[in-house]
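Visitor:
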Amino acid sequence: MNTFIMILSLILALMFSISVLMKFLRANSMLQHWKEYGYPLWFMDVIASLELVGVIGVISSFWIPGVLTFACILFAILMLGAIHAHLFRAKHKPVMAINAGILLICSLLLLWL
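So the sequence shown is residues 7 to 119, counted in our numbering.
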């Protein structure tokens with residue numbers, strides 16, 4: 007595994023770890039967004055759990071490289087859902103989906119590399 011892939015993997019793991027914590031700890035900003043999306047709160051736990059699976063996959067990929075592919079596919083699917091939630095369900099301005107877009111691009115970049 008080359009250095010760029012390792013750094014990008016660690017950035018993804020860190021960003022999704024923050025997201026997982028915010029969801030599981032019910033941060034006010036996360037609760038507000040979830041209300042705007044119109045999703046039930048239990049679904050936030052499902053998404054946080056899937057993100058946690060992805061984080062574990064990314065971390066384990068340092069020892070089992072093939073796992074990174076599955077983690078990146080999971081992250082890409084989740085980020086497509088996040089972009090949809092921001093732009094179409096909550097009708098946010100596109101700037102609100104930039105973070106999800108960047109994480110989507112990073113996930114796809116790791117898949118490509």
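Here a beta-carbon is modelled for each residue, glycine too, at the ideal position from N, C-alpha and C. Quick caveat, the model's predicted, so the values are computed rather than measured.
1. Nearest CA to the CA of Ala53: which residue from Cys112, Thr9, Met28, His98?
2. Taking the beta carbon of Leu120 as the centre, do at least 16 other beta carbons fall within 10 Å, making it buried, or is it exposed?
3. Output needed for Ala103: all residues of its chain with C-beta closer than 6 angstroms, excluding positions within five of it in sequence on either side, in chain order.
4. Considering only residues of the same chain and omitting the five flanking positions on each side of Val26, which have a CB-CB separation below 7 angstroms?
5. Is the separation between the beta-carbon of Phe81 and that of Ser113 shorter than 8 angstroms?
6. To the nearest angstrom, how far is the alpha carbon of Ile83 from that of Gly63?
7. Below 6 angstroms CB to CB, which residues in the same chain sit around Phe30 once its five sequence neighbours on both sides are set aside?
8. Quick one: residues in its chain with C-beta nearer than 7 angstroms to the C-beta of Pro100, no 5 flanking neighbours on either side, listed in chain order?
9. The alpha helix (DSSP H) with Lys99 in it runs from where to where?
10. Could you give the first and the last residue of the continuous alpha helix (DSSP H) run that contains Tyr43?
11. To the nearest angstrom, report how far apart Val73 and Ser67 are at their CA atoms.
Guide: Put simply:
1. For the sequence presented, residue 53 should be read as Ile rather than Ala. Closest by alpha carbon: Met28.
2. For the chain, the structure presents residues 7 to 119; residue 120 sits outside this window and is missing.
3. Ile89, His92, Leu93.
4. Ala54, Glu57, Leu58, Val61
5. Going by C-beta atoms, Phe81 is nearer than 8 angstroms to Ser113.
6. 15 angstroms
7. Ala54
8. Leu93
9. Careful: Lys99 lies outside any alpha helix (DSSP H) and carries neither H nor E.
10. 34-43
11. 5 angstroms
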